[in-house]
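What follows is a set of notes on a single structure, which appears directly below.
Residue numbers (the working numbering): 1 to 153.
Okay, here's the thing in structure tokens:
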């Protein structure tokens, strides 16, 4: 699917947009038992967007032209950023739910998730802009090299 988006960064943008939409459903969904079916369907949809983004975040390394010499370091840094929250998020989310029992605690959890998705979307948009600038710079350098080669006697 990421290949159909022409760019893995663009795919990440779509994934974060999906995360934002489906997290907003939870923010506005009433905490009533009659909405359980909708909540379950929404969880499946949200999970699809979360795990599809998770599946491609390492593949962005070659899209941003990381030198081969430091690819391992980049992968380690990505792992640190993406897996580090698993150390503290369970405790933090548990505290949110414990401090505000019921729907209010879960509302805080979903607002936190929404904030994380927005930060991810902004990061992906910045990365896409950087990729476009790098691509335009490469094209300009290639044109200049071709013009110089064509002008040489």
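Idealized CB from N, CA, C, for every residue including glycine.
Inset, instruction - Can you tell me which of the three DSSP states residue 85 falls into? - result: helix
Legend entry - CA-to-CA distance, residue 130 to residue 48, given in whole angstroms: 27 Å
Inset, instruction - Using the Cα positions of residue 24 and residue 41, report the straight-line distance between them to the nearest angstrom. - result: 14 Å
Inset, instruction - Output the distance between the C-alpha atoms of residue 103 and residue 31, rounded to the nearest integer angstrom. - result: 6 Å
Inset, instruction - Confirm, please, whether the CB-CB distance from residue 82 to residue 110 is below 8 Å. - result: no
Inset, instruction - Quick one: residues in its chain with C-beta nearer than 6 Å to the C-beta of residue 96, no 5 flanking neighbours on either side, listed in chain order? - result: 105, 108 and 109
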